[in-house]
Amino acid sequence: MTKNIVTLSGSSSKNSINKILAEYAGGLVKNVTLTKVDLNDFDIPLFSVDVENGQGFSKGVLALNEIIEKADGFVISLAEHNGAYSTAFKNVFDWLSRIEGKVWRNKPMLLLSTSPGIRGGQSVLNIALERFPFNGGNIIGSMPFPSFNENFKEGEIVNAHLKANLQILVDELEKAL
Ligand SMILES: Cc1cc2nc3c(=O)[nH]c(=O)nc-3n(C[C@H](O)[C@H](O)[C@H](O)COP(=O)(O)O)c2cc1C
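Position in the sequence shown (first residue = 1) + 312 = my numbering.
Listed below in structure tokens is the structure:
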């Protein structure tokens, strides 16, 4: 059966550069269907144990959990806010971890980050590289994508070195599916 790759941006920005990158990288994976997640499409309250105890899981978080359950693999690109996860992503991650601690179910994952700056979200990437394995993250490959606006133009990576590196990681993900 055709494998199902979930692309996800760790951002709630409508024009998220991480969404663009995650979907671009997902599009390089051969012979798969893509399920493109936009966090804006899921109605998920701000996590607190009180909300959890009082209202339980929202439809939005249950729907997202179902999408993750049905995935064969992930391409995730994280936005960096003050050196860490965006609030939107951390909120979703916390909720998902209350349903299933192994949020990512040991399914193969390509983990990216990008920002307009030269470090390309390296700090948030480091946080996720250290943390995700405790949550069932099976990270096949990772890379920060620096200076997004200079290196990605009109739907294409214009930096040959970055493009080649991403292709190597995509090939590894394909093999792991
Ligand atoms: C509150 C806030 C904090 C930010 N902190 C960082 C940062 O620590 N490092 C960085 O490279 N970019 C930082 N940025 C810039 C983001 O990388 C930029 O907004 C990027 O577009 C976010 O990704 P997105 O478009 O996928 O949401 C920050 C932006 C915001 C709004």
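For every residue, glycine included, the Cβ atom is placed at its ideal position computed from N, Cα and C. Remember, it's a predicted structure, so these values are computed and weren't measured experimentally.
- [ ] Assign valine 349 to buried or exposed, taking buried as 16 or more other Cβ atoms, counted over all protein chains shown, within 10 Å of its Cβ.
- [x] buried
TODO: Examine ligand 1 and report whether any of its heavy atoms sits within less than 7 angstroms of the Cβ of isoleucine 411.
DONE: no
TODO: For isoleucine 411, collect the residues of the same chain with a Cβ closer than 8 angstroms to its Cβ; drop the 5 residues on either side in sequence, then sort them by chain order.
DONE: Phe369, Val373, Leu374, Asn377
Open item on the list: Helix, strand or coil for asparagine 471? Go by DSSP, reduced to three states.
Closed with: coil
- [ ] Whole angstroms is fine: what's the gap from lysine 331's alpha carbon to leucine 351's?
- [x] 10 angstroms
Open item on the list: Closest to glycine 432 by C-alpha separation, out of Leu423, Phe444, Phe457, would be which residue?
Closed with: Phe457
Task: Neighbour-count burial assignment, methionine 421, 16 or more Cβ in a 10 Å radius - done: buried
- [ ] Could you check what DSSP says for asparagine 403 in three-state terms: helix, strand or coil?
- [x] helix
- [ ] Counting only runs of 3+ residues fully inside the stretch 429–457, write out the beta strand (DSSP E) ranges in chain order.
- [x] 450–457
TODO: Out of Ile439, Ser459, Glu462, Asn461, point me to the one whose CA is closest to isoleucine 451's CA.
DONE: Ile439
Task: Beta-carbon spacing of glycine 453, asparagine 418 below 8 angstroms - done: no
Task: Spatial distance of leucine 408 from valine 415 (CA atoms) - done: 6 angstroms
Open item on the list: Quick check: what's the CA-CA separation for leucine 333 versus leucine 423?
Closed with: 11 angstroms
Open item on the list: Below 7 angstroms, is the gap between the Cβ of isoleucine 439 and the nearest heavy atom of ligand 1?
Closed with: no
- [ ] Report yes if the CB atom of asparagine 316 is closer than 8 angstroms to the CB atom of threonine 345, and no otherwise.
- [x] yes
Task: Local conformation of asparagine 316 per DSSP, three classes - done: strand
Task: Rounded C-alpha distance that separates leucine 474 from phenylalanine 464 - done: 10 angstroms
Open item on the list: Comparing C-alpha positions only, which one of Ser435, Gln434, Asp384, Ala400 sits nearest to leucine 485?
Closed with: Asp384
Task: Neighbour-count burial assignment, serine 425, 16 or more Cβ in a 10 Å radius - done: buried
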